[in-house]
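These protein sequence lines are chains A and B, in that order. For the first sequence, the positions run 2 to 157 when the working numbering is used. For the second sequence, the positions run 2 to 157 when the working numbering is used. Glycine is no exception: its CB is placed at the ideal position from the N, C-alpha and C atoms. Below is one structure; the comments refer to it alone.
Number of protein chains: 2
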Amino acid sequence: MSSAAAAIDDPLITTFGRLAEAYSRMEQWLGSALESETGLPHVWFEVLIRLGRSEGEQLMMSSLADQIALTTSGVTRLVDRMQAAGYVERRPCPTDRRVSYAGITAAGHDILERAATVHARNLRTAFDGFNSQDLATLDAALDRVREAASGLPRQS
Amino acid sequence: MSSAAAAIDDPLITTFGRLAEAYSRMEQWLGSALESETGLPHVWFEVLIRLGRSEGEQLMMSSLADQIALTTSGVTRLVDRMQAAGYVERRPCPTDRRVSYAGITAAGHDILERAATVHARNLRTAFDGFNSQDLATLDAALDRVREAASGLPRQS
DNA sequence: CCCAATTCATTGACTGGTCAACCATTGACA
DNA sequence: TGTCAATGGTTGACCAGTCAATGAATTGGG
Numbered sequence: 002m003s004s005a006a007a008a009i010d011d012p013l014i015t016t017f018g019r020l021a022e023a024y025s026r027m028e029q030w031l032g033s034a035l036e037s038e039t040g041l042p043h044v045w046f047e048v049l050i051r052l053g054r055s056e057g058e059q060l061m062m063s064s065l066a067d068q069i070a071l072t073t074s075g076v077t078r079l080v081d082r083m084q085a086a087g088y089v090e091r092r093p094c095p096t097d098r099r100v101s102y103a104g105i106t107a108a109g110h111d112i113l114e115r116a117a118t119v120h121a122r123n124l125r126t127a128f129d130g131f132n133s134q135d136l137a138t139l140d141a142a143l144d145r146v147r148e149a150a151s152g153l154p155r156q157s
Numbered sequence: 002m003s004s005a006a007a008a009i010d011d012p013l014i015t016t017f018g019r020l021a022e023a024y025s026r027m028e029q030w031l032g033s034a035l036e037s038e039t040g041l042p043h044v045w046f047e048v049l050i051r052l053g054r055s056e057g058e059q060l061m062m063s064s065l066a067d068q069i070a071l072t073t074s075g076v077t078r079l080v081d082r083m084q085a086a087g088y089v090e091r092r093p094c095p096t097d098r099r100v101s102y103a104g105i106t107a108a109g110h111d112i113l114e115r116a117a118t119v120h121a122r123n124l125r126t127a128f129d130g131f132n133s134q135d136l137a138t139l140d141a142a143l144d145r146v147r148e149a150a151s152g153l154p155r156q157s
């Protein structure tokens, strides 16, 4: 009899725990560094970089929500704040009056550039001991996880 | 002149983005699955498993805070709720009257067992395509990240 | 020994997100 | 073409966390 191999000790739970811890520690450090050095909260940076990389430097509110893992409601409020700060603006869609684009402004572009530089530098510090081989391995592994997660049945 | 190799496209930023996305998608799916199947929010599970794995099945409030990446203030309130639900109890420390331990109760133990089983099963689904070699690689990579993050200067 | 500095937990005020209900617009189809 | 379901975004009510201030207990140096 396989003596109560408690589910509590399942190695997959530990693996996921590692993922959680790796992420949150990184996020905590990088996030607070970025904010203190540029005044930009990490979520804002996340929004700006997404917009900056998109066609026309704009994105539908709902796509943005999807990309940064927030509710559309949450994005509405987030964009409200960023708009008030002048980094982002709402643009109507010419062909569908329901949709609203969030587009990056000149000021947003500016600070994005600056923040990206700072962030990249901090990341280089954080991943100090990693050579390009290590990074490639990490990227590949994370990509597989990401993909696996994306293939999961949408929240039922 | 190396044509504006914008920091925006720095590969490390993308790597970190992958980490964030991998984590939050997994968390989203696993979290909502766990909660809908057992009624236990993922953070609660996180608390219980930490307590369950500790000496005496209890942990100082501040250690708990550290482990689940929350403020001690946040933990105070979280434990309040879990105590009200009967899964956890506060225990005084005999040698230092400042500290308070959060300890798991019988009910907490019960639901932890059940939730761990469910969670482990879900994880097996999520990591379906991964063989043990893949998992070992992933574990190793995550561990390095986790360690790198831990070695970073504590939030200044 | 005692006082100053530190540590642990909690609380008040607030913030940034969620969920559910809503309105406007669009698309499909009888 | 008129209606009905689906989609996109916003809003009200609420909740779970943060930060800063506080109280209580402990520690260490003079």
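Quick one: what's Ala103 (chain B) bridged to in DSSP? B:Leu60, B:Arg91
Might you give, ordered along the chain, the residues of its own chain that have their beta carbon closer than 7 Å to the beta carbon of Glu90 (chain A), omitting 5 neighbours on each side? Gln84, Gly104, Thr106
With 16 other Cβ atoms within 10 Å as the buried cut-off, status of Glu47 (chain A): buried
Where Ser55 (chain A) falls: helix, strand or coil (DSSP): coil
Test item: CB-CB of Met62 (chain A) and Val76 (chain A) under 8 Å: yes
Residues near Ala192 (chain A) in its chain [Cβ-Cβ closer than 7 Å; skip 5 each side]: Given a span of 2 to 157 for chain A in the structure shown, any question on residue 192 (chain A) remains unanswerable.
Measure from the C-beta of Met2 (chain A) to each C-beta in chain B and report whether the shortest distance is under 8 Å. Its pLDDT being 49, under 50, Met2 (chain A) is placed unreliably in this model, and the coordinates cannot settle the point.
Examine the Cβ distances between the stretch 26 to 45 of chain B and the stretch 13 to 23 of chain A and report whether three or more of them are shorter than 8 Å. yes
So, does the CB of Leu153 (chain B) fall closer than 8 Å to a CB anywhere in chain A? yes
Counting only beta-carbon separations shorter than 8 Å, does Met83 (chain A) have a partner in chain B? no
Specify the secondary structure class of Ala149 (chain A) as computed by DSSP and reduced to three states. helix
Between Gln134 (chain A) and chain B, is there a C-beta pair that is closer than 8 Å? no
Residue range of the unbroken alpha helix (DSSP H) whose run includes Ile69 (chain B): No alpha helix (DSSP H) contains Ile69 (chain B), which DSSP labels as neither H nor E.
Please name the residue, chosen from B:Glu22, B:Ala34, B:Gly32, B:Gly57, that lies closest to Arg145 (chain A) on a Cα-to-Cα basis. B:Glu22
Determine, using beta carbons only, whether Gln29 (chain A) comes closer than 8 Å to chain B. yes
For Leu31 (chain B), report the span of its alpha helix (DSSP H) as first-last. 12 to 39
Give the residues of chain A in contact with Ala103 (chain B), contact being defined as C-beta atoms less than 9 Å apart. Within chain A, no residue comes near Ala103 (chain B); the closest Cβ sits about 17 Å away, beyond 9 Å.
Around the C-beta of Gly40 (chain A), are 16 or more other C-beta atoms found within 10 angstroms, so that it is buried, or is it exposed? exposed
Quick check on Asp140 (chain A): does DSSP put it in helix, strand or coil? helix
DSSP state of Thr96 (chain B), grouped into three classes? coil
Using a beta-carbon distance below 8 Å, is Gly130 (chain A) in contact with chain B? yes
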